[in-house]
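Positions 63 to 290 (our numbering) are the ones given, in order, by the sequence shown. All C-beta atoms, glycine included, are put in the ideal place defined by N, C-alpha and C.
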Amino acid sequence: MWLRKKVMRLLPPKDPPEGLCMGQKQGLKIIGLGESTMAGVGIPKHSETLTGLTASRLNAMTDRSIDWKILAENGLTIEQLNELIKNQDHLDAEMIMVAIGGNDVFKLTSLWKWEKQLKHCLFLLQTKSRDPLIIFSHVPPVGHFPAIQNPLRLAFGFWRYLLQASLNRIIHSNLEVHLLDEDFPPSGSISWKTGFILLHWPTVSGLKPWPDNPSNFWKNRNGHRPRN
């Protein structure tokens, strides 16, 4: 309740959450799934989100046409993300990127439920798409946000640690799933003039190093396991 009153909600970009980077070679498709970090809240254009930047980076790296799309909503938990995935007839993509966990920290989703829903998420992704490269980002470091006061901040930080450790275990047990090397920078600020507290998700400049990671995952995988 305190967070709802004090935290200013940033909005996602208003342009269409999809795009095409034209190249000379055979195309591939990328889908970004998840919560606000994937939706691009606080970022002016979808082309500057993690999905859009990764598409641009892969296009430059491979000279392939990259068709990209974002299916993400502010406030989603892992369970709600699974419902979003279920509502899709199929996920026609060679690369699927997932950003989830921040809202599960806020809601203190139990560890057993988090793990169950994560495994179900992987099942859905692997059955609704043909042999996709799946990449997860880290759980947002909610405990680092200065906007959140102690002891709640400490509790969220500990819960984030538990969910991230669980995510690591599940990913490391699946050869077709990867974790971004880049973690979230701990950042935040307080707007005293408005009386609102702003939670800062990655900015455009903060996201710029991230696309190299999924692009390299694709390059390494494609080099060793070419698609038919």
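Distance between beta carbons of residue j and residue i, contact taken as under 8 Å
i	j	result
residue 194	residue 158	5 Å
residue 166	residue 225	6 Å
residue 114	residue 130	6 Å
residue 242	residue 200	6 Å
residue 198	residue 160	5 Å
Residues bridged to residue i [DSSP beta-bridge criterion]
i	result
residue 240	197
residue 141	According to DSSP, which records beta bridges pairwise, residue 141 is partnered with nothing at all.
residue 134	96
residue 128	83, 90
Which of helix, strand or coil DSSP assigns to residue i
i	result
residue 160	strand
residue 78	coil
residue 114	helix
residue 89	strand
residue 192	coil
residue 232	helix
residue 154	coil
residue 166	helix
residue 105	coil
residue 289	Bear in mind that the predicted position of residue 289 carries a pLDDT of just 37, short of 50, making it unreliable; the figure below should be weighed with that in mind. Coil, per DSSP.
residue 226	helix
residue 210	coil
residue 149	coil
residue 72	coil
Between the CA atoms of residue j and residue i - distance to the nearest angstrom
i	j	result
residue 376	residue 232	In the structure as shown, the chain starts at 63 and stops at 290, and residue 376 therefore has no counterpart that could be examined.
residue 253	residue 217	Caution applies to residue 253, whose pLDDT of 32 falls short of 50 and renders its modelled position unreliable; the model cannot decide the point.
residue 211	residue 173	23 Å
residue 229	residue 91	25 Å
residue 237	residue 187	14 Å
residue 213	residue 77	39 Å
residue 98	residue 151	23 Å
residue 122	residue 169	40 Å
residue 240	residue 126	22 Å
residue 248	residue 163	Residue placement at residue 248 is poorly supported in this model, since its pLDDT is 48, which falls under 50; the coordinates are not used for a value here.
residue 119	residue 88	16 Å
residue 72	residue 190	31 Å
residue 134	residue 223	23 Å
residue 124	residue 96	26 Å
Heavy atom of the ligand GDP within 6 Å of residue i beta-carbon
i	result
residue 92	Inclusion of the ligand GDP in the displayed structure is not the case, the ligand content being empty and no account of it being possible.
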